[in-house]
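K.L.:
The sequence shown maps to residues 1 to 178 in full-length UniProt numbering.
From the three backbone atoms N, C-alpha and C, an ideal C-beta is built for every residue, glycine too.
A quick note: this is a predicted structure, and the numbers were derived from the prediction, not measured.
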Amino acid sequence: MVTHDVGADLVHIAVPVAYVRHVAALLAELDRQGGDVRPPARPPARPAPPDLAGRWSVAELRRFATGRSKSHDTVLKVLDLLAARPDEWLSAETICAEVDVSRHRFGGALAGMTRMLRAHPTFRELGMPLNRYVTGSLDDRAGTFYWMTAEQARQWQQARAGTAGWSDRPPPADSSAG
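1) On the three-pair Cβ rule with 8 Å, is the segment 23 to 36 touching the segment 78 to 95?
2) Report all residues from its chain with a CB closer than 7 Å to the CB of GLY108; omit the five preceding and five following residues, and keep chain order.
3) Using 10 angstroms around the beta-carbon of ASP18, count the other beta-carbons present and answer buried if the total reaches 16, otherwise exposed.
4) How big is the Cα-Cα spacing for ARG103 and ARG132?
5) Can you look up PRO43 in the DSSP assignment and give me helix, strand or coil?
6) Using a threshold of 8 Å, state whether the C-beta atoms of LEU126 and LEU82 are closer than that.
7) Given this structure, state the Cα-to-Cα distance separating GLU98 from PRO121, to the nearest angstrom.
8) By how many angstroms is the C-alpha of ARG160 removed from the C-alpha of TYR146?
9) Any C-beta of chain C sitting closer than 8 Å to the C-beta of GLY112?
10) Quick check: the segment 57 to 73 against the segment 148 to 158, are at least 3 beta-carbon pairs closer than 8 Å?
11) Measure the C-alpha to C-alpha separation of ILE13 and ARG21 and round it to an integer number of angstroms.
12) Within a Cβ cutoff of 7 Å, which residues of the same chain sit near ARG105, ignoring the five residues on either side of it in sequence?
13) Should VAL15 be labelled buried (16 or more other beta-carbon atoms within 10 Å of its own) or exposed?
14) So what's SER91 in DSSP terms, helix, strand or just coil?
15) Starting from the C-beta of VAL124, find all residues in its chain whose C-beta is less than 7 Å away, skip the five residues before and the five after it, and write them out in chain order.
16) VAL134 by DSSP, collapsed to three states: which one?
17) Once the 5 residues before and after SER69 are set aside, which same chain residues still bring their CB inside 8 Å of it?
18) For THR114, which residues of its own chain have a beta-carbon under 8 Å away from its beta-carbon, when the five flanking residues on both sides are left out?
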């Protein structure tokens, strides 16, 4: 077997004794094939956000915002928070603290929203009106993050400006677009 001067590129792994011979044969085969042996490229810690803006029209968002259940109220608070901070990835823990709900209630509200969207003939194809990313083992921080793009936030704020009982925030400056 050819020995490589890899210095700090060594990794120690535990291999059952019964497989040592097979691992050695695999390494010998890789050496025979030659070429530059490099580890696969590591994906970025966070992927680029998908472009979901425009999937929901302002009219559809306005209709969605008319729900009156306690779960729906939690979802509306979450969407309002995300719209107030466009393009900012907020962890589930941060959202729970900001909208003053337990993690259990937050998860239940999102699950209820997902069930409602799937059952509704118009909303089924649109997906959730927010973006979600669940981190993987290669990410720097663990957890689930939520965000809205600037366009999604603009549309949501415009839709909310037309619904009764929304916060006392003024409507967005450009409320004619959408």
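P.N.:
Let me spell this out:
1) Taking a contact to require three or more Cβ pairs closer than 8 Å, the segment 23 to 36 and the segment 78 to 95 do not qualify as touching.
2) Here residue 108 refers to the residue found at position 108 of the sequence shown. So the list reads SER71, once near-sequence residues are dropped.
3) In the sequence shown, the residue the question calls residue 18 occupies position 18. Strictly speaking, residue 18 in this sequence is Ala, with Asp absent from that position. Exposed.
4) In the sequence shown, residue 103 corresponds to position 103, counting from 1. In the sequence shown, residue 132 corresponds to position 132, counting from 1. Cα-Cα distance, rounded: 16 Å.
5) Locating residue 43 in the sequence shown gives position 43, where the first residue counts as 1. Unreliable placement is indicated for PRO43, whose pLDDT of 48 sits below 50; no coordinate value is reported for it.
6) Taking the sequence shown and counting its residues from 1, the one referred to as residue 126 is at position 126. Taking the sequence shown and counting its residues from 1, the one referred to as residue 82 is at position 82. Taking 8 Å as the Cβ cut-off, LEU126 and LEU82 do not qualify as a contacting pair.
7) One-based indexing of the sequence shown puts residue 98 at position 98. One-based indexing of the sequence shown puts residue 121 at position 121. Those two C-alpha atoms are separated by around 32 Å.
8) Numbered from its first residue, the sequence shown carries residue 146 at position 146. Numbered from its first residue, the sequence shown carries residue 160 at position 160. The alpha-carbon atoms of TYR146 and ARG160 are separated by roughly 19 Å.
9) Reference to chain C is not applicable here, since this structure consists of a single protein chain.
10) yes
11) Locating residue 13 in the sequence shown gives position 13, where the first residue counts as 1. Locating residue 21 in the sequence shown gives position 21, where the first residue counts as 1. If you take the alpha carbons of ILE13 and ARG21, they lie about 14 Å apart.
12) In the sequence shown, counting from the first residue as 1, residue 105 sits at position 105. Taken in chain order, the residues that qualify are THR74.
13) Here residue 15 corresponds to residue number 15 of the sequence shown, with the count starting at 1. Its Cβ having fewer than 16 others within 10 Å, VAL15 is exposed.
14) Position 91 of the sequence shown, counted from the start, is the residue given in the question as residue 91. Strand at SER91.
15) As a working mapping, residue 124 is identified with position 124 in the sequence shown. This sequence places Arg at residue 124; Val is not what is there. Answer for ARG124: LEU117, ARG118, listed in chain order.
16) On the sequence shown, residue 134 is found 134 positions in, with the first residue counted as 1. DSSP places VAL134 in strand when its eight states are reduced to three.
17) By 1-based counting over the sequence shown, the position of residue 69 is 69. Within the same chain, SER69 has close Cβ partners GLY112.
18) As a first step, residue 114 is located in the sequence shown; it is residue number 114 there, counting from the start. Excluding residues within five positions, the ones whose Cβ falls inside 8 Å are MET128.
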